[in-house]
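Take a look at the structure set out below.
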Amino acid sequence: MSSAEPFGSQWIQDFMQQHFAVTVAEDRNNSFPYSTEDLLDAARLPLIIGKQSVQLGEPGGIVVGTLFAKRYSVLIMGLAASITLFDTPLSLLPGALRFRLTDAGMMQYEAETAATDKWPANPSEVRQACLAGYMDRLLAHLRQVLQAVSGYTGAKEKVMWSLIAHNLHNLYGRLLTDRQIWDSEERGRIIGQDYTTLLQPEKPDELSMRFRRYEHPKLRGHSLYLRKHCCLAYRIRIGPDAGEYCCTCPKLSPEERGRILDE
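Numbering of the sequence shown is given in my numbering, commencing with residue 736 and proceeding in unit increments.
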């Protein structure tokens with residue numbers, strides 16, 4: 736990705752929608768009826784979780800809450816990618832992040848650009864200070880949301896954090912190796928530095944974890960990180976993944992993981 740590409744270009748819009756189910760728009764679209772504020776509302780949260788539960792075949796609160804974190808991690812990956820690839824933070828203000836529920840408990844998102852909508856397109860100390868501040872606000876947001884969903888569903892917060900962290904690690908692992916996404920050495924340096932700022936294992940926050948790397952010929956040089964905890968998708972009854980294990984699941988034996996990837 737070149738910093739010369741305007742953020743509002745159709746290519747970027749398509750990229751954000753395809754990879755992170757995020758539509759970036761300044762004018763609210765009524766087809767996204769919920770905002771992240773609703774997840775903190777004691778009256779609204781049960782309606783959202785209840786609808787997701789029905790979409791998943793009512794597998795039980797712990798499963799729904801755990802899978803909520805996995806679904807929500809897609810939005811978090813989109814927030815990170817918007818900064819790392821396009822130098823543009825998306826707003827974390829109340830009501831600025833919106834979503835709708837789709838089939839099989841999936842979620843699609845709508846976001847707004849932040850008031851300061853451009854950061855330095857280089858791996859400078861100024862940029863990293865901006866990113867560190869944004870990360871503090873994002874962590875505060877996630878603590879509130881995960882605590883609320885955990886309290887209602889019984890899902891473990893530790894597991895929910897690990898699912899989000901895992902997807903962020905896999906995102907940056909892919910960005911670091913996929914030169915089709917970015918087109919300059921400077922962008923490569925930004926990706927590496929942002930990864931360090933966001934996900935250093937030594938940092939004292941909930942997303943700073945270590946994951947075991949996994950290699951397989953079918954991955955064509957793109958290694959995977961294995962999850963620390965199961966997302967419980969194998970316990971859902973509706974949707975394309977019903978009864979199935981993810982290839983990154985810690986419950987799988989090496990032989991089972993290989994068979995899934997070989998299919």
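Using N, Cα and C, we set each Cβ at its ideal position, and we do this for glycine too. Predicted model only: the values in this text are computed from it and were never measured.
request  = Give the DSSP-derived three-state secondary structure of S885 in the structure shown.
outcome  = helix
task = Determine the direct distance from the alpha carbon of L873 to that of K963, and round the result to whole angstroms.
result = Within the model, the alpha-carbon separation for K963 versus L873 is close to 22 Å.
ask   = Hey, quick one: how far does the alpha helix (DSSP H) through Q790 stretch, first residue to last?
value = L780 to Q790
request  = State the DSSP-derived secondary structure class of Y930, mapped to helix, strand or coil.
outcome  = helix
task = Starting from the Cα of P858, find the closest Cα among G840, G830 and G927 and give me that residue.
result = G927
inquiry  = According to DSSP, simplified to helix, strand and coil, what is Y769?
reply    = strand
ask   = So, are the CB atoms of A846 and V789 less than 7 Å apart?
value = no
inquiry  = Tell me the DSSP secondary structure of E845 in three-state form.
reply    = strand
task = Over the uninterrupted beta strand (DSSP E) stretch that includes F834, give me the two end residues.
result = R833 to L836
ask   = Nearest to L814 by alpha carbon, out of V861, L911, R924 and A831?
value = A831
ask   = Secondary structure at T801, three-state DSSP: helix, strand or coil?
value = Of the three classes helix, strand and coil, the one that applies to T801 here is helix, per DSSP.
message = The alpha helix (DSSP H) that contains T851, what's its start and end?
response = Element bounds for T851: n/a, residue is neither H nor E.
ask   = Between the C-alpha atoms of R763 and Y844, what's the straight-line distance to the nearest angstrom?
value = 11 Å
request  = Kindly list the residues whose CB is nearer than 7 Å to the CB of K1014, restricted to its own chain and excluding five residues on each side of it in sequence; keep chain order.
outcome  = Any property of residue 1014 remains undetermined from this structure, which presents the chain solely from 736 to 998.
key: DSSP-derived helix/strand/coil call for R914   = Here R914 sits in coil by DSSP.
Cβ pair L961, R947 closer than 7 Å = yes
key: Touch test, the segment 877-892 against the segment 799-808, Cβ-Cβ under 8 Å, three pairs minimum   = Contact between the segment 877-892 and the segment 799-808 is present: three or more C-beta pairs spanning the two stretches fall below 8 Å.
key: Reduced DSSP category for Y980 - H, G, I as helix; E, B as strand; rest coil   = coil
request  = Could you tell me the boundaries of the alpha helix (DSSP H) in which F742 lies?
outcome  = Premise fails: F742 is in no alpha helix (DSSP H) and is neither H nor E.
message = Let me check understanding here. Comparing Cα to Cα, which of L911, L898 and R945 lies closest to A968?
response = L898
Contact set for I973: own chain, Cβ-Cβ below 7 Å, skip 5 residues either direction = Same-chain partners within the cutoff: Q790, L791, G792 and A839.
ask   = Would you say the segment 864-881 touches the segment 816-830, given that touching needs at least three Cβ pairs under 8 Å?
value = The answer is yes - the segment 816-830 touches the segment 864-881, with three or more Cβ pairs under 8 Å.
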